[in-house]
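Asker: Just passing along the structure, written as structure tokens.
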Amino acid sequence: MIMEEAIPPVFKKRFQVLLDDEYDHFIESINQPPAHFIRINSLKINIESGLHRLEELNISATPLPWYSAGFRVSGNYKQLPFTREYSLGYYYIQEGGSMLPPLALNPKPHHLVLDLCAAPGSKTTQLAQMMNNQGAIIANDRVFRRITSLGHNLQLCGVINTLVLCEDGRHLSTRIPHKFDRVLIDAPCTASGHLRSKPHQFSIKDFQRIKGIQTLQKGLITSGFRLLKPGGHLVYSTCSLHPEENEAVIHHLLSHSPDAGIVHPNVPGLKSHPGLTHWEDTQYHETLHDCLRVYPHENNTDSFFIALIRKEN
Amino acid sequence: MRKPKSSPLIVDEEWESHVWDLLFTQFGIPKLKGYRFLLSGKKRIRLISEVASTLLPDVPYTGSSGLYIGEYSPRAVRLTMDGAMLLGQYATKQIIHLTAEQAKEWMQGESINYENKQRGYVIVYHKEDILGCGSLSQGILHSFVPKTRRPKHP
Numbered sequence: 006m007i008m009e010e011a012i013p014p015v016f017k018k019r020f021q022v023l024l025d026d027e028y029d030h031f032i033e034s035i036n037q038p039p040a041h042f043i044r045i046n047s048l049k050i051n052i053e054s055g056l057h058r059l060e061e062l063n064i065s066a067t068p069l070p071w072y073s074a075g076f077r078v079s080g081n082y083k084q085l086p087f088t089r090e091y092s093l094g095y096y097y098i099q100e101g102g103s104m105l106p107p108l109a110l111n112p113k114p115h116h117l118v119l120d121l122c123a124a125p126g127s128k129t130t131q132l133a134q135m136m137n138n139q140g141a142i143i144a145n146d147r148v149f150r151r152i153t154s155l156g157h158n159l160q161l162c163g164v165i166n167t168l169v170l171c172e173d174g175r176h177l178s179t180r181i182p183h184k185f186d187r188v189l190i191d192a193p194c195t196a197s198g199h200l201r202s203k204p205h206q207f208s209i210k211d212f213q214r215i216k217g218i219q220t221l222q223k224g225l226i227t228s229g230f231r232l233l234k235p236g237g238h239l240v241y242s243t244c245s246l247h248p249e250e251n252e253a254v255i256h257h258l259l260s261h262s263p264d265a266g267i268v269h270p271n272v273p274g275l276k277s278h279p280g281l282t283h284w285e286d287t288q289y290h291e292t293l294h295d296c297l298r299v300y301p302h303e304n305n306t307d308s309f310f311i312a313l314i315r316k317e318n
Numbered sequence: 005m006r007k008p009k010s011s012p013l014i015v016d017e018e019w020e021s022h023v024w025d026l027l028f029t030q031f032g033i034p035k036l037k038g039y040r041f042l043l044s045g046k047k048r049i050r051l052i053s054e055v056a057s058t059l060l061p062d063v064p065y066t067g068s069s070g071l072y073i074g075e076y077s078p079r080a081v082r083l084t085m086d087g088a089m090l091l092g093q094y095a096t097k098q099i100i101h102l103t104a105e106q107a108k109e110w111m112q113g114e115s116i117n118y119e120n121k122q123r124g125y126v127i128v129y130h131k132e133d134i135l136g137c138g139s140l141s142q143g144i145l146h147s148f149v150p151k152t153r154r155p156k157h158p
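Line order of the protein sequences matches chains A and B. All residue numbers for the first sequence refer to the working numbering, where the first residue is 6 and numbers rise by one. All residue numbers for the second sequence refer to the working numbering, where the first residue is 5 and numbers rise by one.
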């Protein structure tokens with residue numbers, strides 16, 4: 006848990022501006038213990054049987070309104086990683102907000118999908134599940150040691166439609182000749198949206214990193230968009246609250262790519278705020294209103310930013 | 005950053021047919037459509053969807069593509085836990101069922117007593133769950149559950 010006093014003043018001021026009259030609810034929610042979530046891996050067990058097994062393990066599971074395989078868990082859930090069912094890959098522990106970017110991307114079983122920043126594989130394995138292990142996914146991460154955990158999770162979940170690549174995502178468009186139906190960029194970020202679940206990661210130093218990380222994020226979205234087929238969709242997401250890592254990056258893409266357009270993601274059951282169209286002295290594209298800002302006080306998850314972008318024909 | 009080494013990766017129809025023949029002979033698993041086998045290193049068989057396999061020539065190999073389903077030898081395939089879970093549902097022979105107590109021990113990597121006429125690699129079930137692949141010889145069922153997958157509360 007994090008107390009309001011522990012938030013550095015520079016962050017507090019930002020959050021007050023961002024959240025306006027909802028700031029108190031936001032603070033109240035981040036002072037609560039984080040909720041716990043799992044995904045039933047339907048590549049290995051059907052949802053009904055998965056729920057039945059959870060009952061036998063004395064774990065209560067409440068379905069998430071926005072995803073039929075996602076559940077908020079309570080009761081004996083801390084024992085889950087030590088059970089046979091977990092070893093067999095029936096369940097995957099994944100934060101509720103982290104399930105949103107693949108849902109916004111909505112891949113179909115025949116699609117060719119690129120996951121540009123894939124490790125440790127939560128969203129890749131969810132994409133494979135949504136595609137029913139059909140089509141193909143290229144899962145890329147530039148850090149080789151993270152590929153090990155990605156490989157482990159793909160194996161655990163029984164994924165067979167994925168190739169793993171270890172390249173700098175910013176230069177991938179020059180390395181592989183394919184064009185993709187769907188591209189997911191869950192970009193490296195300061196993770197300021199994890200205030201509740203990972204408060205120990207929350208540091209004033211992150212604020213000083215924003216500029217550098219924004220350069221990386223702009224490089225990734227430019228490269229990812231180049232790898233998209235005309236008519237294809239790209240999701241850019243972060244678990245950061247800072248507009249510099251979110252709206253500013255999308256604004257950069259829209260300003261340099263006339264064939265890029267924002268689409269409102271269709272995630273029924275999710276409560277969200279629209280993206281910002283201005284921040285401090287900067288005015289962004291009006292269409293950024295169609296991005297999603299997800300806050301903990303509305304869905305009991307960590308914060309997320311999600312933009313769905315279409316490449317026009 | 006350490007860069008991955010490229011490994012030789014074989015997608016060879018003759019060898020693939022040989023692997024399917026072994027699976028049929030050992031377990032009665034028929035040849036399934038839409039899958040391709042890769043050989044990673046000297047022994048590791050990885051299984052990949054046919055669509056994904058068409059991308060292989062353009063993707064430098066990192067060792068993690070596809071699902072590691074078994075270890076190859078010219079006379080038999082030893083299925084991994086995930087290989088048994090994926091392909092074992094099609095098996096018609098070399099199948100054994102464990103009791104709750106036996107399953108508990110076996111999942112912790114222990115060899116257990118199991119009197120049975122069958123010999124060699126077997127698909128191991130407990131109720132409706134496929135737990136993996138074991139080796140049966142002289143009344144002992146050996147476990148190949150990897151250390152990282154042994155549950156503390158099986």
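Backbone N, C-alpha and C define an ideal beta-carbon position, used for all residues, glycine too.
(1) From which residue to which residue does the beta strand (DSSP E) around V188(A) run?
(2) On a CA-only basis, which of C171(A), N137(A) and Y97(A) is nearest T153(A)? Give me that one, please.
(3) For A141(A), would you say it is in contact with chain B, using Cβ-to-Cβ distances shorter than 9 Å as the test?
(4) Return the residue from the list V22(A), H183(A) and G101(A) that minimises the CA-CA distance to L117(A).
(5) Going by alpha carbons, who is nearest to N166(A) out of E33(A), F149(A), L177(A) and I143(A)?
(6) Going by C-alpha to C-alpha distance, which of T66(B), Q106(B) and Y39(B) sits closest to G140(A)?
(7) Report yes if the CB atom of D86(B) is closer than 9 Å to the CB atom of Y76(B), and no otherwise.
(8) From which residue to which residue does the alpha helix (DSSP H) around K108(B) run?
(9) Please confirm whether T66(B) and G156(A) have their CB atoms less than 9 Å apart.
(10) Counting contacts by CB-CB distance shorter than 9 Å, is P64(B) in contact with chain A?
(11) Considering only residues of the same chain and omitting the five flanking positions on each side of R19(A), which have a CB-CB separation below 7 Å?
(12) Which of the three DSSP states is assigned to Y94(B) in this structure?
(13) Who are the Cβ neighbours of K223(A) in its own chain at under 7 Å, not counting the five residues just before and after it?
(14) Name the chain B residues that come within less than 7 Å of L225(A), Cβ to Cβ?
(15) From this set, A104(B), S44(B) and A95(B), which residue's C-alpha is nearest H130(B)'s C-alpha?
(16) Closer than 7 Å by beta-carbon distance: list the chain A residues that pair up with I52(B), in chain order.
(17) So F310(A) and S245(A) are supposed to be a Cβ contact under 8 Å. How far apart are they, rounded?
(18) Does DSSP put S57(B) in a helix, in a strand, or in coil?
(19) Could you work out which residues of chain A lie near H157(B), taking near to mean beta carbons separated by less than 7 Å?
(20) By Cβ distance, which residues of its chain are closer than 6 Å to H368(A), with the 5 residues on each side in sequence left out?
(21) For a test of the three-state rule: what should DSSP assign to C296(A), helix, strand or coil?
(22) Using DSSP with H/G/I as helix, E/B as strand and the rest coil, what is V23(B)?
(23) Does the beta carbon of T152(B) come closer than 9 Å to any beta carbon on chain A?
(24) In whole angstroms, what separates the C-alpha of S44(B) from that of I50(A)?
(25) Which residue wins for smallest C-alpha separation from K216(A), given the options H199(A), G237(A) and C194(A)?
(26) Using three-state DSSP, classify R123(B) as helix, strand or coil.
(27) Where T96(B) and L189(A) are concerned, what is the direct C-alpha to C-alpha distance, given to the nearest angstrom?
(28) Given a cut-off of 9 Å, decide if I52(B) and L168(A) are closer than it, judged by their beta-carbon atoms.
Answerer: Let's see:
(1) Within the first sequence, residue 188(A) is the residue found at index 183, counting from 1. Here the beta strand (DSSP E) through V188(A) covers F185 to D191.
(2) As a position in the first sequence, residue 153(A) is number 148, starting the count at 1. Ranking the options by Cα distance to T153(A), first place goes to C171(A).
(3) Residue mapping note: residue 141(A) aligns to position 136 of the first sequence, counting from 1. Yes - at least one Cβ of chain B is within 9 Å of the one on A141(A).
(4) On the first sequence, position 112 is the one that residue 117(A) refers to. Minimum Cα distance to L117(A) is reached at H183(A).
(5) Here residue 166(A) refers to the residue found at position 161 when the first sequence is read from its first residue. Here the closest residue by C-alpha is I143(A).
(6) Counted from its first residue, the first sequence places residue 140(A) at position 135. Among T66(B), Q106(B) and Y39(B), the Cα nearest to that of G140(A) is on Y39(B).
(7) Locating residue 86(B) in the second sequence gives position 82, counting from the first residue. Locating residue 76(B) in the second sequence gives position 72, counting from the first residue. In this structure, Y76(B) does not lie closer than 9 Å to D86(B) by Cβ.
(8) Sequence index remark: in the second sequence, residue 108(B) carries index 104 (1-based). Unbroken alpha helix (DSSP H) run through K108(B): A104 to M111.
(9) Looking up residue 66(B) in the second sequence gives position 62. Looking up residue 156(A) in the first sequence gives position 151. Yes.
(10) As a first step, residue 64(B) is located in the second sequence; it is residue number 60 there, counting from the start. Closer than 9 Å: yes.
(11) In the first sequence, residue 19(A) corresponds to position 14, counting from 1. Nothing listed; no residue qualifies.
(12) Here residue 94(B) refers to the residue found at position 90 of the second sequence. Note: Y94(B) maps to helix in three-state DSSP.
(13) As a position in the first sequence, residue 223(A) is number 218, starting the count at 1. Once the five neighbours on either side are set aside, the close Cβ partners of K223(A) are V254 and H257.
(14) For this step, residue 225(A) is matched to residue 220 along the first sequence. Ordered by position in chain B, no residue passes the 7 Å Cβ test against L225(A), which lies about 17 Å from the chain.
(15) Here residue 130(B) refers to the residue found at position 126 of the second sequence. Per the Cα distances, A104(B).
(16) As a first step, residue 52(B) is located in the second sequence; it is residue number 48 there, counting from the start. The answer, in chain order, is I165.
(17) For the purposes of this step, residue 310(A) is taken as the residue at position 305 of the first sequence. For the purposes of this step, residue 245(A) is taken as the residue at position 240 of the first sequence. Indeed, because the Cβ distance is near 7 Å, the residues count as touching under 8 Å.
(18) Sequence index remark: in the second sequence, residue 57(B) carries index 53 (1-based). Note: S57(B) maps to helix in three-state DSSP.
(19) Here residue 157(B) refers to the residue found at position 153 when the second sequence is read from its first residue. Result: Q84, F87 and T88.
(20) What the structure shows of chain A is the stretch from 6 to 318, and residue 368(A) is not part of that stretch, so it cannot be assessed.
(21) Residue mapping note: residue 296(A) aligns to position 291 of the first sequence, counting from 1. C296(A): coil per DSSP, three-state reduction.
(22) Translated into positions along the second sequence, residue 23(B) becomes position 19. Helix, per DSSP.
(23) As a position in the second sequence, residue 152(B) is number 148, starting the count at 1. Interface residue, yes.
(24) Locating residue 44(B) in the second sequence gives position 40, counting from the first residue. Locating residue 50(A) in the first sequence gives position 45, counting from the first residue. Near 28 Å, if we compare the C-alpha coordinates of I50(A) and S44(B).
(25) On the first sequence, position 211 is the one that residue 216(A) refers to. The shortest Cα separation from K216(A) among H199(A), G237(A) and C194(A) belongs to C194(A).
(26) On the second sequence, position 119 is the one that residue 123(B) refers to. Three-state result, R123(B): coil.
(27) The residue you call residue 96(B) lines up with position 92 of the second sequence. The residue you call residue 189(A) lines up with position 184 of the first sequence. Their Cα atoms are separated by approximately 41 Å.
(28) As a first step, residue 168(A) must be located in the first sequence, where it is residue number 163. As a first step, residue 52(B) must be located in the second sequence, where it is residue number 48. A contact, by the Cβ cut-off of 9 Å.
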